[in-house]
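Asker:
Numbering (mature numbering (1 follows the signal peptide of the UniProt record, and there is no 0)), first residue to last: -29 to -1, 1 to 823.
1. Grouping DSSP H, G and I as helix and E and B as strand, with all else coil, what is residue 365?
2. What do you reckon, are the CB atoms on residue 593 and residue 613 nearer than 8 Å?
3. Starting from the C-beta of residue 823, find all residues in its chain whose C-beta is less than 6 Å away, skip the five residues before and the five after it, and write them out in chain order.
4. Restricting to Cα atoms, I'd like to know which of 727, 519 and 553 is closest to residue 535.
5. What residue from 596, 284 and 227 has the CA that sits closest to residue 265's CA?
6. Is the beta carbon of residue 181 closer than 8 Å to that of residue 175?
7. Would you check if there are 3 or more beta carbon pairs closer than 8 Å linking the region 402 to 410 to the region 490 to 509?
8. Can you say whether residue 705 is buried or exposed, counting buried as having 16 or more other CB atoms within 10 angstroms of its CB?
9. Counting pairs of Cβ atoms below 8 Å between the region 437 to 447 and the region 458 to 473, do you hit three or more?
10. Who are the near neighbours of residue 507 in its chain, counting only those whose CB is closer than 7 Å to its CB and skipping five residues on each side?
11. Which residues bound the beta strand (DSSP E) around residue 464?
12. Provide the residue(s) that pair with residue 240 in DSSP beta bridges, ordered along the chain.
13. Quick one, which of 122, 431 and 721 has its alpha-carbon nearest residue 485's?
14. Please report how far the alpha carbon of residue 636 lies from the alpha carbon of residue 358, in whole angstroms.
15. Give the DSSP-derived three-state secondary structure of residue 15 in the structure shown.
16. Got a sec? Which residues, its chain only, sit under 8 Å from residue 680 by beta carbon, not counting five neighbours each side?
17. Taking just the CA atoms, how far does residue 792 sit from residue 708?
18. Compute the Euclidean distance between the alpha carbons of residue 10 and residue 794, then round it to the nearest angstrom.
19. Taking the alpha-carbon of residue 120 as reference, which of 90, 374, 130 and 213 has the nearest alpha-carbon?
20. Quick check: what's the CA-CA separation for residue 611 versus residue 348?
21. Could you pull out every unbroken beta strand (DSSP E) segment of at least 3 residues lying fully inside the region 635 to 714, listed in chain order?
22. What does the alpha-carbon distance come out to for the pair residue 177 and residue 695?
23. Thinking residue 690 and residue 659 are a contact (beta carbons under 8 Å), I'd like their distance in whole angstroms, please.
24. Using the three-state DSSP reduction, which class does residue 263 fall into: helix, strand or coil?
25. Please specify which runs of the beta strand (DSSP E), each continuous and at least 3 residues long, are wholly inside the region 278 to 341, giving them in chain order.
26. Considering only DSSP beta bridges, list what residue 343 is partnered with.
27. For the candidate residues 466, 429 and 505, whose alpha-carbon lies nearest to that of residue 522?
28. Counting C-beta neighbours from all protein chains within 10 Å, is the total for residue 305 16 or more, i.e. buried, or is it exposed?
29. Between which residues of its own chain and residue 545 is the CB-CB distance below 8 Å, once the five residues before and five after are set aside?
30. Should residue 109 go down as buried or exposed, given a rule of 16 or more other Cβ atoms within 10 Å for buried?
31. May I have the straight-line CA-CA distance separating residue 814 from residue 784, to the nearest angstrom?
32. So does the region 187 to 194 actually touch the region 722 to 731, counting three or more Cβ pairs closer than 8 Å?
33. Looking at the strands, I want to know which residues DSSP matches up with residue 801.
34. Quick check: what's the CA-CA separation for residue 269 versus residue 390?
35. List the endpoints of the continuous alpha helix (DSSP H) containing residue 89.
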């Protein structure tokens, strides 16, 4: 296999080659001059090649050397004086490769055939060099069998120069995705408790006004470098009926992540995987699944790609709807540009290739992308086994008595086709299906077939979809057909819990549909934001049938940002019709008003007025809603207000109905601990940071946008961080008093999934005075200065102080007694403890102190 060779190894081999050459001069002098050229007629060979040693294993870069010099100063020529005879037996070669006059900086394995001198390589070796091997050659490939390929083998420099047309070259793949490099997250210990409290009051049965219910919901987890243990639930209390309340556990699970393999293992309550033609269920058990969200550097979906060729170094620009989606550089030869970021759907892209002289080649390429297509070579999977969760939300720990299993697999076969398979079952059920997603010239086509066997009854199904664009019209069509008796886990587990009568009598959606047809059409009427939507839905189950047609029209008005919409639907089975009309418009910078009228064939009529101000995620912001409604001659109304503080969000609501009023109050937030530092703040949805400054009421920023302020203790909780993504947390130094000294004012952090990071800006012992710092000399137990590049921290935390030459490090924030923890540059750590007394010097120097 190909590999690189360092400069020193190449020069060492050059010296050996020169010695061997001198020993062979009498023999070589008897032969005619010239290098050995094998293959189709080719131009004169270049004057030399690289010198290599060792057996190549992996494709890597090789350093460039002067091929006419050796380490002892002896000059040699790069060609042999005389024609080299073919070896008597097959001879393995490790050669530096030049391709079309350009150094590849790769060394590859070849074999020179005995008797003929022909040179061959394996298909994998040629592929790593960028050469397309003939499909008919399954073993080793002789270079002279590849159409259009010439080569020049130089035995002196142990190099080979290959000349190949574009048709014989593999395209160089170049990704246009602006993906950040994968950074290992900061993994630590901590805990989170999200809470939501709710109290409602209203008239009781006697007409007295009192509290009617109290609810407290919790979502808590403990995170460690090894995994996350989490649980959710709620407690509900009814003062007038205490027996009806109590605590209900919802989910408990342990998540373990393997970042390198992008795999997550979950133990506990899980939701099974599913496809577009299968249904997920909740179960208690084990789940092993691919989790691409663990890796920010991976592109999983198949985006727009383009293949071309450039004779010289050129720039490539991709335009979609007259907007430049990508610009970059390509090297000479065929290339494939992948992962151009575009929205899902179809369209036309214009690709412009421009060389250094300004000459352009323009091509228009049609494309169709879909989130259902995996990137070529990507493999996705999810495997589950366990027992069905029953009475979710009403019972804490009720599970079925039957062992279940489920598996979903998907593979990106080509850039235009993804395969998927799904299987699920139990002791009495087996369901298996296979499907494909394909991007064609007319749009995305999906097709799946499968069969179930339940209690001896076998039944099959077929499913197909088409998503396409005809001009500017979006068309979505899907159809499912299932034979009577078809069953899946959703039906079987529901049957086990509810019973057959409850399912058939109620026309339950647990029944698998025998017919489902959906046709949806989106039509842009004009370019001024007027759209028409049409849909037809047909659904049949053993105990219910529906055929619903609907139409929707929306018009964004030119002035003021107002929007007018109309919706109507009719069910041809139940003969029920619905109609609604609405007008919304901004009433201010962040306030929106809406008026709506709706009616149905049953005579129901509702008229409503609605106004709202959306709340942002900034601390100190507020929002509100107001509603007035008339339904069948009766009036209803209400309003709510909410406020976001640094320690959580509070809200209140007033409702009026039939002459009675009802009140509701709520509060939500989070209590966390990270890096040993507790904090209070707003609800955590993914990851967070705890910022410690020691300065109260200091604005804290996330990505240079203020999101909260520190409390009285100088600590702030910053929610809203994205796991496995780089986040910048900072404070504004302009808001600090001149007497305040911080160890830092900004930090880049990468939290783990549902993890927290302590960002410590506080400088321990800092007084803002010059004599709180000193040059400290640190030595090892043997008395030698600590190596440069080591890092010292006061108390093992806070800002780090680099160790320079002679063991010197500048330390700020010194107290009367100090301990430095040092991470050594060569690995390992040590501690040094010492006292410090300010001397009044501008830069005192103390030590040496032993670090051990």
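We treat Cβ as the ideally placed atom computed from N, Cα and C, and that holds for glycine.
Answerer: The structure says:
1. It is coil, neither helix nor strand.
2. Taking the C-beta atoms as reference points, residue 613 is found nearer than 8 Å to residue 593.
3. So the list reads 752 and 801, once near-sequence residues are dropped.
4. It is 553.
5. For the residues 596, 284 and 227, the minimum Cα distance to residue 265 belongs to 227.
6. Taking 8 Å as the Cβ cut-off, residue 175 and residue 181 qualify as a contacting pair.
7. Cβ pair count under 8 Å is below three, so no.
8. Classification of residue 705: exposed, given that the 10 Å Cβ count is below 16.
9. Contact annotation: the region 437 to 447 does not touch the region 458 to 473, with fewer than three C-beta pairs closer than 8 Å.
10. Once the five neighbours on either side are set aside, the close Cβ partners of residue 507 are 490 and 520.
11. Run containing residue 464: none in the beta strand (DSSP E); it sits in the alpha helix (DSSP H), 460 to 469.
12. Beta-bridge pairing links residue 240 to 255.
13. It is 431.
14. Rounded to whole angstroms, residue 636 to residue 358 spans 38 Å at the Cα level.
15. Note on residue 15: pLDDT 35, under 50, position unreliable in the model; the coordinate value appears next. It is coil, neither helix nor strand.
16. So the list reads 590, 617, 668, 669, 670, 671 and 687, once near-sequence residues are dropped.
17. If I take the Cα positions, the gap works out to 30 Å.
18. Residue placement at residue 10 is flagged as unreliable, the pLDDT there being 36, under the threshold of 50; the coordinate-derived value follows with that caveat. Residue 10 and residue 794: Cα-Cα distance of roughly 59 Å.
19. Looking only at 90, 374, 130 and 213, the smallest Cα-Cα distance to residue 120 is reached by 90.
20. So the two alpha carbons sit approximately 52 Å from each other.
21. Runs of the beta strand (DSSP E) lying entirely within the region 635 to 714, each at least 3 residues long, are 648 to 652, 658 to 663, 670 to 673, 676 to 680, 686 to 692 and 698 to 702 in chain order.
22. Near 56 Å, if we compare the C-alpha coordinates of residue 695 and residue 177.
23. For a cut-off of 8 Å, the C-beta gap from residue 690 to residue 659 is around 5 Å, short enough to register as a contact.
24. It is helical.
25. Taken in chain order, the unbroken stretches of beta strand (DSSP E) that lie wholly in the region 278 to 341 and span 3 residues or more are 285 to 291, 294 to 301, 304 to 311, 316 to 326 and 331 to 340.
26. None; residue 343 has no bridge partner.
27. Looking at 466, 429 and 505, the one whose alpha-carbon comes closest to that of residue 522 is 505.
28. Residue 305 should be labelled buried.
29. 517.
30. Residue environment: residue 109 is assigned as exposed (fewer than 16 neighbouring CB atoms within 10 Å of its CB, all protein chains considered).
31. Roughly 13 Å separates the two Cα atoms.
32. Touching, yes, given that three or more Cβ pairs across the two stretches are closer than 8 Å.
33. Its beta-bridge partners are 793.
34. Per the coordinates, the alpha-carbon of residue 269 lies some 20 Å from the alpha-carbon of residue 390.
35. Note, residue 89: premise wrong, no alpha helix (DSSP H); not H, not E.
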